[in-house]
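This report concerns only the one structure given below.
Protein chains in written order, with this note's numbering: chain C, 3 to 216; chain L, 3 to 216.
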């Protein structure tokens with residue numbers, strides 16, 4: 003198909019398609035004349051992925067590029083894929099987070115694959131998901147909001163159930179499918195989970211504190 | 003204590019304390035002379051609550067006022083408290099969200115207390131938590147990211163476990179304690195849960211795709 007058709011099918015304006023081509027986020031088409039190229043279904047899929055990453059995912063162009071690099075040069079390590087996905091969508095975190103309390107929690111839960119990452123890297127790169135947990139727990143502390151260990155344990159257990167379901171459904175037939183699943187799953191499922199938690203709170207609250215009958 | 007002492011103990015600058023007094027977010031002290039008032043521990047607690055709501059919670063002054071009104075004029079209905087908490091911390095949502103698909107899900111899960119809220123109000127006020135779920139699910143749809151029903155069921159189940167733990171721990175001895183718990187719990191626990199999910203994904207991924215040994 004020509005670029006106008008590619009634009010129509012993918013829903014991405016021609017100018018934007020040309021921009022992605024210039025930025026090398028989208029591979030060039032097959033030249034059929036000096037001024038004309040043919041595109042195929044892989045271009046359509048790629049454009050849809052970029053659009054989802056930029057649009058609903060809210061990723062920057064740099065983040066999109068990082069994700070696409072993972073797709074184009076797959077390492078075969080899903081852990082790397084998750085790492086990239088989490089890094090690109092994670093909020094900016096301070097560099098000097100103390101991970102010691104979080105490490106204790108990970109060991110407590112037997113999450114040793116995560117715990118082993120820390121300090122395991124020559125550049126001593128802080129793992130972003132660990133830092134995010136440390137910052138979040140620090141926020142509770144600052145506000146004087148106490149969450150005891152048994153409650154944290156249950157949070158961890160519930161999130162492990164969520165994660166197991168998600169990882170067991172991870173498509174392995176292609177790196178593109180996997181990165182789509184991981185990145186979109188990370189970005190787009192978060193608001194679903196938070197909304198579900200709020201509704202579940204309402205529901206559990208209604209069970210504990212029934213409204214007076216009519 | 004005098005206002006300078008109140009400022010020192012609460013960690014809130016005197017100018018800010020005066021601002022909260024003018025805005026009537028903080029009750030006046032007991033006048034001991036035309037220009038001097040005495041404050042007590044209830045003022046300290048109140049200032050800490052305001053600080054947590056504004057600071058870590060990131061609430062606007064209007065949202066803080068709404069929460070404080072709930073504390074000062076408690077209705078005794080925890081459902082109202084949760085509603086206020088969720089409304090003030092929820093992102094802005096469009097008004098014209100179609101709740102039909104979400105209602106189907108709620109009935110499927112037997113979350114009837116939530117489902118019954120819809121259309122039950124003369125002003126046909128859309129419940130924010132319901133709208134948030136509808137918008138989040140709409141985002142998945144737009145991105146062509148399919149989440150099948152069994153997976154949604156597991157998400158709902160995991161979040162219900164989280165919510166049950168939270169609601170069973172809700173303090174009932176005072177409205178202040180309850181609103182602190184609900185609002186801070188809503189705002190400050192969300193990043194904890196999201197960070198835990200990411201770590202759990204790494205952990206589950208390492209279990210499914212073990213790294214090659216040394």
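Every residue, glycine too, gets a C-beta built ideally from N, C-alpha and C.
Residue i at chain C interface by Cβ criterion, 8 Å
i	result
residue 125(L)	Per-residue confidence for residue 125(L) stands at a pLDDT of 41, beneath the threshold of 50, marking its modelled position as unreliable; the derived number appears in the next sentence. Not an interface residue.
residue 11(L)	no
residue 146(L)	yes
residue 142(L)	yes
Cβ of residue i within 8 Å of any chain L Cβ
i	result
residue 201(C)	yes
residue 48(C)	no
residue 14(C)	no
residue 180(C)	no
residue 65(C)	no
residue 132(C)	yes
residue 135(C)	yes
Residue burial classification, residue i (beta-carbon count within 10 angstroms, cutoff 16)
i	result
residue 171(L)	exposed
residue 109(C)	exposed
residue 299(L)	Chain L is shown only over 3 to 216; residue 299(L) falls outside these bounds and no answer can be derived.
residue 33(C)	exposed
residue 38(C)	exposed
residue 16(C)	exposed
residue 48(C)	buried
residue 27(L)	buried
residue 64(L)	exposed
residue 135(L)	buried
residue 206(C)	buried
Under 8 Å between C-beta atoms of residue i and residue j
i	j	result
residue 138(L)	residue 184(C)	no
residue 133(C)	residue 99(C)	yes
residue 11(C)	residue 46(C)	yes
residue 211(C)	residue 186(L)	no
residue 115(L)	residue 115(C)	no
residue 84(L)	residue 203(C)	yes
residue 198(C)	residue 161(L)	yes
residue 54(L)	residue 145(C)	yes
residue 130(C)	residue 119(C)	no
Listed by chain order, chain L residues near residue i by CB distance under 9 Å
i	result
residue 22(C)	Going along chain L, no residue has its Cβ under 9 Å from residue 22(C), so there is no contact; the nearest lies around 17 Å.
residue 186(C)	142, 145, 146, 147
Cross-chain neighbours of residue i in chain C, by beta carbon under 7 Å
i	result
residue 45(L)	Near residue 45(L) there are no residues of chain C at all, since even the closest Cβ is about 16 Å away, more than 7 Å.
residue 192(L)	196
residue 115(L)	204, 205, 208
Contact list for residue i against chain C, beta-carbon separation under 8 Å
i	result
residue 164(L)	156, 157, 160, 199, 202
residue 139(L)	194
Chain-ordered chain L contacts of residue i [CB-CB under 7 Å]
i	result
residue 28(C)	Chain L residues near residue 28(C): none, gap ~18 Å exceeds 7 Å.
Proximity test, Cβ basis, 8 Å: residue i and chain B
i	result
residue 210(L)	Given the protein chain composition of this structure (C and L), no chain B is represented.
Chain-ordered chain C contacts of residue i [CB-CB under 9 Å]
i	result
residue 54(L)	144, 145, 146, 147
message = Which runs of the beta strand (DSSP E) at least 3 residues long sit entirely within the region 44-76 of chain L? Give them in chain order.
response = none
ask   = What residue ranges within the region 135-206 of chain C form continuous alpha helix (DSSP H) runs of no fewer than 4 residues, ordered along the chain?
value = 151-170
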